[in-house]
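Here the sequence shown is numbered in the UniProt record's numbering, starting from 1 and rising by one per residue.
From the three backbone atoms N, C-alpha and C, an ideal C-beta is built for every residue, glycine too.
The structure displayed is predicted, hence computed values, not measured ones.
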Amino acid sequence: MTAKPRDIEKAAGVLRAGGLVAFPTETVYGLGANAEDSAAVARIFQAKGRPPSHPLIVHLGSAEHLADWVQDVPETGRLLAEHFWPGPLTLVLRRGPRVPLEATGGLETVAVRVPDHPVALALLSAFGGGVTAPSANRFGQVSPTTAHDVHMELGDAVDFVLDGGPCEVGVESTIVDVTGETPSILRPGGVTREDLEAVLGRPPAVQSTSVVRVPGQHPSHYAPRARVVLVEPEKVVAEAELAQELGHRVGVLLPPSFTDTPVKAHAVAPVPGSMVAYARGLYGFLRELDQRGCDLIVASLPVEEGLGLAIANRLRRAAGPRTTA
Ligand code: TXA
Ligand code: MG
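Listed below in structure tokens is the structure:
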């Protein structure tokens, strides 16, 4: 789905005027502002209710512009950009002077990516500069994968919403820090560890999810309102039915091998067998179970390879301890 040229022009005008535009990418919807406008960047944090120390991603229309935004591009960064852009990969590099510290949460590094979505690319091209954008959800909540989700999350806090239909990938970009000796995955996402290894010719380091490296890597994140509990796949049905009997309104992310099993629960979302389809649907399932009034979601982790690594990471975060920070 592509947006009308008139809407793209309007959205670029809103960015130029210091406003906020929500726009589709192949991963999730982003909440964008002119990356070079500190006041506009500050509005993103307000709209999301996000702590200002939590760094944002700068979106560019083309890899050709990368050198304008960073100090230098190491060989691994160049290689990964060449292979995966436009696409669901974010590179962490040393911050160039064009990037205000507001956008990096005060860090001397900056996260950059070129998204692979016709509407995002049309907006970035019409605007001409960099667009700093986090996912277009309230802080800590489930990321939006449709324009409708954005309206539900942010309402009037956003000046304009570009509708590009549902996001194809469905989980956020893979973030790779290329400032050190060994490229390091800070967040698994749409580009798999296996894809990265094939291009790098060696395995990237994988940041443990238990280590809070930047404030953004908070244990509870990507979380629906309902509490999420993770159990072994073969225990999902029994755990769900027990909790339902105990008086919970239970939502179930039902593993593919149990699709035909009847479950006595409040709501059931059957999980697709393909990891591509699961990633695409994950946030929609969590939103749907919330909307159906579930107070507890019982789920299991997929095998942590390919896109399963990103899905498992999001489910673990959704099940993480809730804090109000
Ligand atoms: O797919 C995506 O990446 C989406 C779309 C909209 O592009 N964006 C997204 O942004 O997920 P956000 O703000 O929800 O997550 C960006 C994460 C932050 O949580 C932070 O951990 C990490 O990127 N990050 C940003 N700048 C960083 C930096 N300089 N060093 C380390 N991590 C950084
Ligand atoms: Mg986010």
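Own chain, CB closer than 8 Å to residue i, minus 5 neighbours either side, in chain order
| i | result |
| --- | --- |
| E9 | A126 |
| A279 | V169, G170, V171, G190, L307, A310, I311 |
| L254 | V236, V237, T261, V263, V268, A269, P270, V271 |
| V110 | P55, V58, W69, V70, V92, L93, R94, R95, G96, V99, A103, T104 |
| V199 | L79, L80, H83, F84 |
| T2 | P118, V119, A122, G164 |
| E153 | A136, N137, R138, Q141, P144 |
The ligand MG heavy atom lying under 8 Å from the CB of residue i
| i | result |
| --- | --- |
| P134 | yes |
| N137 | yes |
| S300 | no |
| H221 | yes |
| S143 | yes |
Status (buried if at least 16 other CB within 10 Å, exposed otherwise) for residue i
| i | result |
| --- | --- |
| P75 | As written in the sequence, residue 75 is Glu, which differs from the Pro given in the question. That one is exposed. |
| R322 | exposed |
| V131 | buried |
| Q141 | buried |
| E181 | exposed |
| A39 | exposed |
| G87 | buried |
| V14 | buried |
| G216 | Low confidence applies to G216: its pLDDT is 47, below 50, so where it sits in the model is not reliable, and the reading given next is rough at best. Result: buried. |
| T259 | exposed |
Near the ligand TXA: residue i beta-carbon under 8 Å from a heavy atom
| i | result |
| --- | --- |
| V110 | yes |
| D290 | no |
| I175 | yes |
| E172 | yes |
| V231 | no |
| G61 | no |
| R202 | no |
| S208 | no |
| I57 | yes |
| P183 | no |
| T146 | no |
| G77 | no |
| H54 | yes |
| Y283 | no |
| T27 | yes |
| R6 | no |
| G96 | no |
Cβ shell of residue i (< 6 Å), same chain only, five flanking positions each side left out
| i | result |
| --- | --- |
| A304 | Checking the sequence shown, residue 304 turns out to be Glu, not Ala. Closer than 6 Å at Cβ, skipping near neighbours: A312. |
| H221 | G140, R317 |
| R292 | A267 |
| D295 | A226, H248, R249 |
| T25 | P115, H117, A120 |
Own chain residues within Cβ distance below 7 Å of residue i, not counting five before or after
| i | result |
| --- | --- |
| P203 | E197 |
| D37 | G18 |
| M273 | Strictly speaking, residue 273 in this sequence is Gly, with Met absent from that position. Cβ within range, chain order: P256. |
| residue 331 | Nothing about residue 331 can be reported from this structure: the residues present for the chain run from 1 to 325 only. |
| L89 | L80, R113, S173, T174, V176, V191 |
Bridge-paired residues (DSSP) for residue i
| i | result |
| --- | --- |
| S184 | D177, A205 |
| L230 | A299 |
| L89 | T174 |
| P270 | L254 |
| T132 | A33, V58 |
| V161 | A22 |
| Q244 | DSSP, once it has assigned bridges, lists no residue as partnering Q244. |
| residue 349 | Residue 349 lies beyond the stretch modelled for the chain, which goes from 1 to 325, so this question has no answer here. |
| V110 | L93 |
| V70 | R95 |
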